[in-house]
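Asks: Have a look at this one.
In this note's numbering, the protein residues as written are 215 to 464.
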């Protein structure tokens, strides 16, 4: 009798565990139900119960698969842990989602960013994509669709990060964000260090004029301590220190 009860219980347990694991992988609830039912009712499940009862405990398979994926998918799990750790120490977090040509990965990145934003009050803003337009990884309509999705799902302000000239060249992008996340990298544009801070100030002014009333956040700015010379821009520790002192005191 005990063995029969165990065998019968493996069906609902397998279904529930499979559903929860699949949902944890950011699969929609309807699809997760279908997957759970199909997996639970596979012929293998029935045959194992007749031949080797304990092999009918199919629920261990989705659990094992999830653990394996968690190890392989380190950055996403680290992101969840980092936000929780920061929350315990009162540190505010800006959550980023990486977007590139891998559309399935993009979907998962966006879902995890939304998950973090919903679960942690210390998440203060989201950045969906980093220089995606600059690299040409995705068409504009796909980028804006991701932004609209996150803005509808999260309470925090949402943007995507691009160099200043991308925002100027693609003003429609600003219609899908709550703030402008901009990269100011004068070294990469060949600007000499003596003029670099003024260059940043000038581009900030251009953005303010192009997008009045839209908050602007500098996502990246700096100067390298080493590297090749780009036109008039020379990478060195002394130039790095000079730029940072002037920028921070500006």
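We put the CB at the ideal spot given by N, CA and C, even for glycine.
(1) Out of 226, 463, 456 and 415, state which residue places its alpha-carbon closest to the alpha-carbon of residue 430.
(2) Have a look at residue 419 and residue 461 and give me their C-alpha separation to the nearest angstrom.
(3) Per DSSP, residue 418 forms a beta bridge with which residues?
(4) Within 10 Å of its beta-carbon, does residue 307 have 16 or more other beta-carbons around it, so buried, or fewer, so exposed?
(5) Looking at the unbroken beta strand (DSSP E) that takes in residue 340, where does it start and where does it end?
(6) Would you kindly report the start and end of the unbroken alpha helix (DSSP H) that includes residue 360?
(7) I need the DSSP call for residue 249, collapsed to helix, strand or coil.
(8) According to DSSP, which residues form a beta bridge with residue 397?
(9) The beta strand (DSSP E) that contains residue 324, what's its start and end?
(10) What's the gap between the Cα of residue 385 and the Cα of residue 437?
(11) Exposed or buried, which one is residue 310 when buried takes at least 16 other CB atoms within 10 Å?
(12) Suppose the cutoff is 7 Å on Cβ atoms and the five residues either side in sequence are ignored; what does the same chain contact list for residue 233 look like?
(13) What is the residue span of the alpha helix (DSSP H) that residue 455 lies within?
(14) Which term fits residue 373, buried or exposed, when burial requires 16 or more other beta carbons within 10 angstroms of its beta carbon?
(15) Look at the Cβ atom of residue 370, then the Cβ atom of residue 337, and state whether they are nearer than 8 Å.
(16) Expressed to the nearest angstrom, what Euclidean distance is found between the alpha-carbon atoms of residue 427 and residue 362?
(17) Anyone know if the C-beta pair for residue 446 and residue 439 falls short of 8 Å?
Replies: If we stick to the structure as given:
(1) On the chain shown, residue 430 is found 216 positions in, with the first residue counted as 1. Of the listed residues, the one whose Cα sits closest to residue 430 is 415.
(2) By one-based count along the chain shown, residue 419 stands at place 205. By one-based count along the chain shown, residue 461 stands at place 247. Pairing residue 419 with residue 461, the inter-Cα distance amounts to about 15 Å.
(3) By one-based count along the chain shown, residue 418 stands at place 204. Bridge partners of residue 418: none, in fact.
(4) For this step, residue 307 is matched to residue 93 along the chain shown. By the C-beta density criterion, residue 307 is buried, having at least 16 other C-beta atoms within 10 angstroms.
(5) Within the chain shown, the letter at position 126 stands for residue 340. Residue 340 -> beta strand (DSSP E) spans 337–344.
(6) The count along the chain shown starts at 1 and reaches residue 360 at position 146. Secondary structure note for residue 360: its alpha helix (DSSP H) is the uninterrupted segment 354–367.
(7) Residue numbering aside, residue 249 sits at position 35 when the chain shown is read from its first letter. Three-state result, residue 249: helix.
(8) Counted from its first residue, the chain shown places residue 397 at position 183. When beta bridges are read from the DSSP output, residue 397 appears opposite 377 and 434.
(9) As a first step, residue 324 must be located in the chain shown, where it is residue number 110. Here residue 324 belongs to no beta strand (DSSP E); instead the alpha helix (DSSP H) covers 317–333.
(10) By 1-based counting over the chain shown, the position of residue 385 is 171. By 1-based counting over the chain shown, the position of residue 437 is 223. So the two alpha carbons sit approximately 27 Å from each other.
(11) Locating residue 310 in the chain shown gives position 96, counting from the first residue. Classification of residue 310: buried, given that the 10 Å Cβ count is 16 or more.
(12) Locating residue 233 in the chain shown gives position 19, counting from the first residue. Taking residue 233 as the centre and dropping the five residues before and after it, the same chain places the C-beta of 246, 247 and 250 closer than 7 Å to its C-beta, in chain order.
(13) Position 241 of the chain shown, counted from the first residue, corresponds to residue 455. First-last of the alpha helix (DSSP H) with residue 455: 451–463.
(14) As a first step, residue 373 is located in the chain shown; it is residue number 159 there, counting from the start. Classification for residue 373: buried.
(15) Position 156 of the chain shown holds residue 370. Position 123 of the chain shown holds residue 337. Taking C-beta atoms as the reference points, residue 370 and residue 337 count as a pair closer than 8 Å.
(16) For the purposes of this step, residue 427 is taken as the residue at position 213 of the chain shown. For the purposes of this step, residue 362 is taken as the residue at position 148 of the chain shown. If you draw a straight line from the Cα of residue 427 to the Cα of residue 362, it is about 20 Å long.
(17) Your numbering for residue 446 matches position 232 in the chain shown. Your numbering for residue 439 matches position 225 in the chain shown. One thing to note: residue 446 has its Cβ no nearer than 8 Å to the Cβ of residue 439.
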